[in-house]
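One structure is given here, and the rest of the page talks about it.
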Amino acid sequence: MTIPELGWPRRTERLELRLPTDEAIDEVLRWRNHPDVTRWLLRTTVDPESFRKAWMASADDPLDHAVFVHFDSVVVGIASLGVQDGLGQREDGEPWRAAEGTLGYTFDPAYAGRGFATEVAGALLDLGFTELGLHRITAGCFAANTASARVMEKLGMRREQYGVRDSWHAELGWIDGCQYGILAEEWDSAR
Ligand SMILES: CC(C)(COP(=O)(O)OP(=O)(O)OC[C@H]1O[C@@H](n2cnc3c(N)ncnc32)[C@H](O)[C@@H]1OP(=O)(O)O)[C@@H](O)C(=O)NCCC(=O)NCCS
Numbered sequence: 155m156t157i158p159e160l161g162w163p164r165r166t167e168r169l170e171l172r173l174p175t176d177e178a179i180d181e182v183l184r185w186r187n188h189p190d191v192t193r194w195l196l197r198t199t200v201d202p203e204s205f206r207k208a209w210m211a212s213a214d215d216p217l218d219h220a221v222f223v224h225f226d227s228v229v230v231g232i233a234s235l236g237v238q239d240g241l242g243q244r245e246d247g248e249p250w251r252a253a254e255g256t257l258g259y260t261f262d263p264a265y266a267g268r269g270f271a272t273e274v275a276g277a278l279l280d281l282g283f284t285e286l287g288l289h290r291i292t293a294g295c296f297a298a299n300t301a302s303a304r305v306m307e308k309l310g311m312r313r314e315q316y317g318v319r320d321s322w323h324a325e326l327g328w329i330d331g332c333q334y335g336i337l338a339e340e341w342d343s344a345r
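Here our numbering is used: the first residue of the sequence shown is 155, the next is one more, and so on.
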């Protein structure tokens, strides 16, 4: 199966999405381990060198579309769309191969509440459906992460799963988690 090459950088209404660079990673590391950022992440505090290695490696992985979000000259966020196989029977061309995307996003709390995450997540949904030809895109969050759940709801994603105490949080113990999803045809008809 051929995964299309994507062109970078690309613009959204107010932001520019670029591939990671060492300088941009340094900027993100200034806020990435802030408690307001780590509170609802699965990967909480990051080691700077492992973080750098992982993001630089993403640039060479055709299934990992990871971007740094620039607003004017500042890196305000990071986001990614990973591509994976869906579920399916091993028959008829296996259309489920590389048919699903998983969305993720993290923003500098200094720029919260300005619609930036929604703008970027929307751009990644659009890219996933229109350029990568994905069938479905999902994302998960702790149920108490209202800002993240709201981003997905604003984009028309459906809450497909609510797991009672299915997610482990280092301070809170077992808490509820959610999974959201949207199909290509739903994205198309909402545009
Ligand atoms: C979640 C996150 C990406 C949102 O970024 P953002 O740029 O502020 O998002 P947006 O401005 O596009 O939308 C946020 C929405 O949540 C709402 N919101 C924010 N905090 C909220 C809260 N505590 N309770 C209820 N709603 C809240 C905002 O009002 C806004 O909704 P609105 O447009 O209807 O008013 C950002 O807070 C973040 O990076 N958090 C830390 C990392 C993280 O949790 N990542 C997601 C992991 S699943």
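Cβ atoms here follow ideal geometry from the backbone N, Cα and C, with glycine treated the same way.
> When we look at the beta-carbon of A324 and count the other beta-carbons within 10 Å, is it buried (16 or more) or exposed?
Replying inline: As a first step, residue 324 is located in the sequence shown; it is residue number 170 there, counting from the start. It counts as exposed.
>> On a Cα-Cα basis, can you pick out the residue from I157, L278 and N299 that is closest to D214?
In response: Within the sequence shown, the letter at position 60 stands for residue 214. Out of I157, L278 and N299, I157 has the C-alpha closest to the C-alpha of D214.
>> Only counting the same chain, and skipping five residues up and downstream in sequence, which positions put a Cβ closer than 8 Å to that of W185?
In response: Taking the first residue of the sequence shown as position 1, residue 185 is located at position 31. Scanning its chain for C-beta atoms nearer than 8 Å, with the 5 sequence neighbours on each side dropped, one finds around W185 the residues V191, D262, P263 and A264, in chain order.
> When you compare only the Cα positions, how much space is there between L135 and S321?
Replying inline: As displayed, the chain neither begins before 155 nor continues past 345, which places residue 135 out of reach and without an answer.
>> So for I157, helix, strand or coil by DSSP?
In response: Looking up residue 157 in the sequence shown gives position 3. In the three-state reduction of the DSSP assignment, I157 falls in the coil class.
>> Quick check: does the Cβ of A297 come within less than 7 Å of any heavy atom belonging to ligand 1?
In response: By 1-based counting over the sequence shown, the position of residue 297 is 143. Every heavy atom of ligand 1 is 7 Å or more from the Cβ of A297, so no.
> For W250 versus L257, is the C-beta distance shorter than 8 Å?
Replying inline: Taking the first residue of the sequence shown as position 1, residue 250 is located at position 96. Taking the first residue of the sequence shown as position 1, residue 257 is located at position 103. No, Cβ-Cβ distance for W250 and L257 is not below 8 Å.
> If you draw a straight line from the C-alpha of A303 to the C-alpha of E245, how long is it?
Replying inline: As a first step, residue 303 must be located in the sequence shown, where it is residue number 149. As a first step, residue 245 must be located in the sequence shown, where it is residue number 91. Pairing A303 with E245, the inter-Cα distance amounts to about 36 Å.
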